[in-house]
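Have a look at the structure below, then the notes.
Chains as they are written, first to last, in full-length UniProt numbering: chain A, 1 to 558; chain B, 1 to 558.
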């Protein structure tokens, strides 16, 4: 066959273990622990078929033995937050590392969370008048190289394509890159195109968004939170007046805030960045800051009022109603797959992931339980019918009917995957036409209710109510945690104490940029934002004792 | 302000005309004609405000004058198909070229067509058991370089990242690339990951899909059809048996076929590629081939049965139910933004784009018509209420109520944009509580019906019926066109004649690969496929006179 004739090299050159070897040769830091394969199964050692040498080695390790014995594969969160985070990502099958250092393969379960974020925001973006489109990822180096010499730390975050079509390119291309406070390459190509599309006031406002991948060269990476390549949406708008641009920038941070609270159950604090922390190309940067389980802040989304900075640089002008040429007023705003990391680190616990129902890829898992063969059919039929009832009303249901695993194993597995509700159906439940329902967020017996009728209208209502309760409960829990870890301070001494305890400090601030940088140097904390919600009354700057208009929030951050 | 202090270079280094200059310096072939700005408006020269020098120049050109006078901006399709195609893309605002040669900016109207494709296929992929995920775009050069020396024409289609983090990389990265018949880089990273995820038969089938951007270094580019970067989906599956893999490959080409017929109204011919045309890594390649308006074939989607070619190369194995290690059987399948080009070139006419209702971003455009000021409010109210009625039943409606353009201009504009139905509402229609409805696919008075009641139930039903009719009618027209341009041939002489007339030739074929290559060399036509639908009866190879099992279709292609 010709097709096989064409592949003489492929089969001979790559040995079966090529993949593994090449991975090792990259000397990739194992920031994800080795996936523990069949390690969840207490029966695996006895019943599973021979494995490859590598995997047998893992099994023989004492770590694996401990875990297999106790059915625990996740480092407790309280013991080592970072190890817990990586364990959850590996074991809940959210992501794996790619073959290139710092890259990430987003696995179906993790990607489904991103899809839930996309589905919600896409609707909101369109409701607020934006259209999706797509800009090429390659940007000519000349768009930014002229500034390179002026900005320290410029090139380290670029990936450059220098070879194309088999020869050196005359001009290097910049792979589409997001350069926080260093180089706003998206804005360069956006303005390059805007100059061609915007002619008169009739072309404004121009409001677009794209879902895309972005590359940033990172030395220290962490799955979802900081990766060499990530996925995001970036909105770009152009307006005729500064008022419209400001309104738009605020509107979009509000869209993000609502998403965080209502969908992700993350009580972010929305506010304005300090000048020091403002995006280099922006007049104002708005942000949503989330408190993670380790009390570090995660900047989860930003919206910039770019003023005329880019339109002046690129000559993005329009003819106004009086025939005058003017520069447009612009905004840009983005959230990324980093948000998935924020969800993990906000709600997860020692048992693993805990997902808010509104963004959970699986909202209800059904575990049928039988011992005798003659019970199996009845139980599975009932389980299927319950699954169908709930799917009909739009719920995302997984029926785990495999007989490869015990019910106990399944309970642990789906808890670890963060599924909000579990329905158990055994032979007794079949006879009484009822089910047992357990909440992921309330551990043990307290979260378990027996005897819920299988009658569709009753069951549907019960499940929906519980999901709503879980959604609210996760938010409330996160608010309580957040509020008990933000401390009002009135002096730099207090601020330092609060930060050293790992908490967030909130205090009046009107000091200089230099003082702000000093705080960062001395405490590791930065101003996360001046929150939109400000306390009443007169304020005195915690650093200088001068009058202050606003309180700022200081915290260590990701 | 500090933020402005940070941008000293930006405003001084880039002159306002930077964008335009840098574009010229790239010596980019103007494969898109210059967007004609206000050129659609017959009133523009008189009423519009002063423009930049560039645009005034365009206006003064004789070409612009001709077009402005006749309100024609699209080269007639019959006169120059390629110029027509580029005109449609520019004027209907589907895409623009990016600043890097061969790249494309997909504008909102063009992207909305791609979104319609995504929305449909995403549902079908999930219904057939696939999950979305995301693989990183960077692939280590070592994954493929070992084969480079064996394959001629290898490097020309790669883009290589050689600089990252400010220094030369030890190993060059390959930007995620699709290499038709040259190098299947997606399959390399997919298998690299599959070896980590697949352990036993319980992990199979593994069925995933990703929506991503891909880069291919192209010397001759054409928007949507062939660009340096494009968007696509790529499915990848692994199975325990060859039968399952074959079934999957056929299932997915069937999903594509149904999409083409039922959504895009493109009567593709589905079939199997010849060995010569089969993807280098595949045992079998299935394809859908579409006839464009110039009668060239467009390969609009492919599905590959990869057999064990990649699993053997990468060692992607599983333990079967008997405890034996086996290599998995794989498939991959893809369609790309090229499909948008196929839609344009299938249905468009001299007036511009013509979109099938099921994938049209705007299904109904409403043009209110008034002359006197006292008519305006009544007409606009009626138009808004009609828009609302139709939106309520899920139709995609645009109300073009600007008073910057005349109704005649709007008619031409939305026809050029390919909107299937137009509703006109004037003062008389308001008094009679009726509307005028025009079909895009039936020109002139024949396509225009007066006096359709505004009563919601009547109007809804009428509009929906017309949209269904247009959808069917576009498909029928395309089938008629296709069938009248496929000629059955029984000799090579006949084949050559048919191809020289620009048509497709269908004839029995059992000749050698060398003979197939000879046909390509001598006629420019290739075997597009052995169609699944085969004529009955005995067949004699058109080239050799030997018995043949199948007919093949030969055509020139994009």
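C-beta atoms are modelled at their ideal positions from N, C-alpha and C, and glycine is treated no differently.
Rounded C-alpha distance that separates residue i from residue j
i	j	result
residue 447 of chain B	residue 422 of chain B	10 Å
residue 466 of chain A	residue 414 of chain A	17 Å
residue 152 of chain A	residue 515 of chain A	For residue 152 of chain A, the predicted model reports a pLDDT of 39, less than 50, meaning its position is unreliable and no value from the coordinates is stated.
residue 318 of chain A	residue 188 of chain B	48 Å
residue 369 of chain B	residue 320 of chain A	26 Å
residue 231 of chain B	residue 140 of chain B	21 Å
residue 330 of chain B	residue 205 of chain A	48 Å
residue 475 of chain B	residue 267 of chain B	7 Å
residue 473 of chain B	residue 519 of chain B	36 Å
residue 538 of chain B	residue 508 of chain B	9 Å
residue 460 of chain A	residue 389 of chain A	7 Å
residue 379 of chain A	residue 411 of chain A	17 Å
residue 298 of chain A	residue 530 of chain A	15 Å
residue 109 of chain A	residue 300 of chain B	30 Å
residue 512 of chain A	residue 305 of chain A	22 Å
residue 487 of chain B	residue 498 of chain B	7 Å
residue 323 of chain A	residue 201 of chain A	9 Å
residue 138 of chain B	residue 101 of chain A	10 Å
residue 192 of chain A	residue 311 of chain A	10 Å
residue 555 of chain A	residue 500 of chain A	10 Å
residue 449 of chain B	residue 365 of chain B	15 Å
Cβ of residue i within 7 Å of any chain B Cβ
i	result
residue 71 of chain A	Residue confidence is low: residue 71 of chain A scores 48 on pLDDT, short of 50, so the model does not pin down where it sits. No coordinate-derived value is stated.
residue 67 of chain A	Note that residue 67 of chain A scores a pLDDT of 37, beneath 50, so its modelled location is shaky; the value from the coordinates is reported in the next line. Chain B contact via Cβ: absent.
residue 338 of chain A	no
residue 135 of chain A	yes
residue 367 of chain A	no
residue 99 of chain A	yes
residue 118 of chain A	no
residue 237 of chain A	no
residue 39 of chain A	Note on residue 39 of chain A: pLDDT 27, under 50, position unreliable in the model; the coordinate value appears next. Chain B contact via Cβ: absent.
residue 407 of chain A	no
residue 216 of chain A	no
residue 111 of chain A	yes
Near the ligand COA: residue i beta-carbon under 6 Å from a heavy atom
i	result
residue 89 of chain A	The model depicted lacks the ligand COA and carries no ligand whatsoever.
is_contact[residue i, chain A] using C-beta, thresh 7 Å
i	result
residue 131 of chain B	yes
residue 223 of chain B	no
residue 259 of chain B	no
residue 330 of chain B	no
residue 544 of chain B	no
residue 140 of chain B	yes
residue 193 of chain B	yes
residue 287 of chain B	no
residue 202 of chain B	yes
Opposing strand residues paired with residue i [DSSP bridges]
i	result
residue 214 of chain A	A:230
residue 548 of chain B	B:539
residue 445 of chain B	Bridge partners of residue 445 of chain B: none, in fact.
residue 452 of chain B	B:435
residue 485 of chain B	Residue 485 of chain B pairs with nothing; no bridge assigned.
residue 287 of chain B	B:271, B:302
residue 331 of chain A	A:237, A:305
residue 349 of chain A	A:352
residue 379 of chain B	Answer is none; residue 379 of chain B lacks a bridge partner.
Quiz item: Is the number of C-beta pairs between the segment 117-129 of chain A and the segment 223-239 of chain B that are closer than 8 Å three or more?
Solution: Touching, no.
Exercise. Say whether the segment 388-395 of chain B touches the segment 347-356 of chain B, bearing in mind that this needs 3 or more beta-carbon pairs closer than 8 Å, one atom from each stretch.
Key: No, the segment 388-395 of chain B does not touch the segment 347-356 of chain B.
Quiz item: For the segment 222-283 of chain A, which segments carrying the beta strand (DSSP E) assignment without a break, of at least 3 residues, lie completely within its bounds, in sequence order?
Solution: Every unbroken stretch of the beta strand (DSSP E) spanning 3 or more residues and falling wholly within the segment 222-283 of chain A is given here in chain order: 229-239, 269-272.
Quiz item: Touching or not, the segment 534-550 of chain A and the segment 490-510 of chain A, by the rule of three or more beta carbon pairs under 8 Å?
Solution: yes
Quiz prompt | Every unbroken alpha helix (DSSP H) within the segment 74-155 of chain A, with a cutoff of 4 residues, ordered by chain | solution = Whole alpha helix (DSSP H) segments, 4+ residues: 81-91, 108-127, 142-148.
Exercise. Mind the definition here: the segment 278-297 of chain B touches the segment 242-262 of chain B only if three or more C-beta pairs lie below 8 Å; say whether that holds.
Key: yes
Quiz item: Are the segment 96-105 of chain A and the segment 357-376 of chain A touching by the rule of at least three beta carbon pairs closer than 8 Å?
Solution: no
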